[in-house]
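What follows is a short report on a single structure.
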Amino acid sequence: GPRPRTQALLRFLADHSRSKDTVLKEVPEEWVKAQGLLEVRSEISDKNLYLTRPDMGRRLSPEAIDALKSQCVMNPDVQVVVSDGLSTDAITANYEEILPPLLAGLKQAGLNVGTPFFVRYGRVKIEDQIGEILGAKVVILLVGERPGLGQSESLSCYAVYSPRVATTVEADRTCISNIHQGGTPPVEAAAVIVDLAKRMLEQKASGINMTR
């Protein structure tokens, strides 16, 4: 009967295996330290729990809350957060080309930038709690996307204005996705995010509440 060509089937199986491997990989603690980033965690303790309890990935651990309060700048205009999400490769492959130019661009725009840090096992909504704790006007979360077939390095940016755990909904977020060398180049994305943060602060809004 009809069947895919052997080469196509092997390519599909290889891409699928690569995607599964990416989801299960961990960002090495040594890598985080080498970037000079403070590391905190969500309520999740391991990758298996992260995949089965997304609700716990939306909340910071008590230790993380204490660390942010004691080691981070309070009340910044913009708080930048990096999280592994569902793709470790997205963080390690794009970090050097997005975070340094992003932080430099925000500072050149005259904005008060908070202490950047890394959240292990974080989900998107965790940025609401972070913003509320630190009193940030804008929170920018750079997080690994769920890998597609053959593409495991795609990063997303979720930006939100004045987030609150109880009231912020998904429509309040502005998302820039597909950030990688084969999509939106990380350096270019950094410039777009700087412009987005400035407009959010000017309009005091994000997501569907922003005017174009």
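According to the UniProt record's numbering, numbering within the sequence shown proceeds without interruption in unit steps and concludes at 212.
Note that CB positions come from ideal geometry on N, CA and C, so glycine has one too.
In this text, all values refer to a predicted model and were calculated from it rather than measured experimentally.
Euclidean distance between Cα positions of residue i and residue j
| i | j | result |
| --- | --- | --- |
| asparagine 94 | threonine 115 | 19 Å |
| leucine 68 | glutamine 79 | 12 Å |
| glutamine 203 | leucine 103 | 21 Å |
| proline 54 | glutamate 127 | 14 Å |
| valine 139 | isoleucine 193 | 11 Å |
| glycine 144 | phenylalanine 118 | 12 Å |
| leucine 155 | proline 2 | 37 Å |
| leucine 99 | alanine 34 | 14 Å |
| glycine 36 | isoleucine 65 | 19 Å |
| leucine 196 | proline 101 | 14 Å |
| glutamine 7 | aspartate 89 | 26 Å |
| leucine 49 | proline 163 | 26 Å |
| proline 4 | alanine 189 | 38 Å |
Residues of its chain near residue i, where Cβ-Cβ distance is below 6 Å and the 5 sequence neighbours each way are ignored
| i | result |
| --- | --- |
| tyrosine 158 | Val124, Leu141, Arg173 and Cys175 |
| leucine 111 | Asp77 and Val78 |
| valine 32 | Glu39 and Phe118 |
| methionine 56 | Glu43 and Ile44 |
| glutamine 71 | Leu38 |
Spatially closest choice to residue i from the options, by CA coordinates
| i | options | result |
| --- | --- | --- |
| glutamate 153 | Asp128, Gly135, Lys137 and Gln181 | Gln181 |
| arginine 58 | Pro185, Gly36 and Asp84 | Asp84 |
| glycine 122 | Ser70, Asn178, Ala197 and Ile91 | Ile91 |
| asparagine 209 | Ala191, Ser177, Val169 and Gly183 | Val169 |
| leucine 51 | Arg120, Ser177 and Asn75 | Arg120 |
| aspartate 77 | Arg3, Asp195 and Leu106 | Leu106 |
| arginine 41 | Asn75, Val81 and Leu155 | Val81 |
| serine 61 | Ser45, Arg5, Gly36 and Asp195 | Ser45 |
| lysine 137 | Arg5, Leu49, Val73 and Thr211 | Val73 |
Spatial neighbours of residue i in its chain, beta-carbon cut-off 7 Å, leaving aside the 5 residues before and after
| i | result |
| --- | --- |
| residue 222 | The question about residue 222 has no answer here: the residues shown for the chain are numbered 1 through 212. |
| glutamate 97 | Pro186 and Val187 |
| valine 165 | Asp128, Gln129 and Glu132 |
| lysine 198 | Ala109 |
| glycine 183 | Ser154 |
| alanine 191 | Gly105 |
Cutoff 8 Å; reference residue i; Cβ partners in own chain excluding five residues on either side
| i | result |
| --- | --- |
| glutamate 29 | Glu39 |
Residue i - partner residues in DSSP beta bridges
| i | result |
| --- | --- |
| leucine 142 | Val82 and Cys157 |
| threonine 184 | Ile179 |
| serine 45 | DSSP output for serine 45 lists no bridge partner at all. |
| valine 32 | According to DSSP, which records beta bridges pairwise, valine 32 is partnered with nothing at all. |
| glutamate 39 | Phe118 |
| threonine 174 | Ala159 |
Residue i: CB within 6 Å of a non-hydrogen atom of the ligand MG
| i | result |
| --- | --- |
| serine 70 | Absent from the structure shown: the ligand MG. Ligands present: none. |
Integer Cβ distance of residue i from residue j, believed to fall under 8 Å
| i | j | result |
| --- | --- | --- |
| glutamate 26 | lysine 47 | 7 Å |
| asparagine 75 | glycine 135 | 4 Å |
7 Å Cβ cutoff, residue i in contact with chain C
| i | result |
| --- | --- |
| tyrosine 50 | The structure shown contains no chain C; it is built from a single protein chain. |
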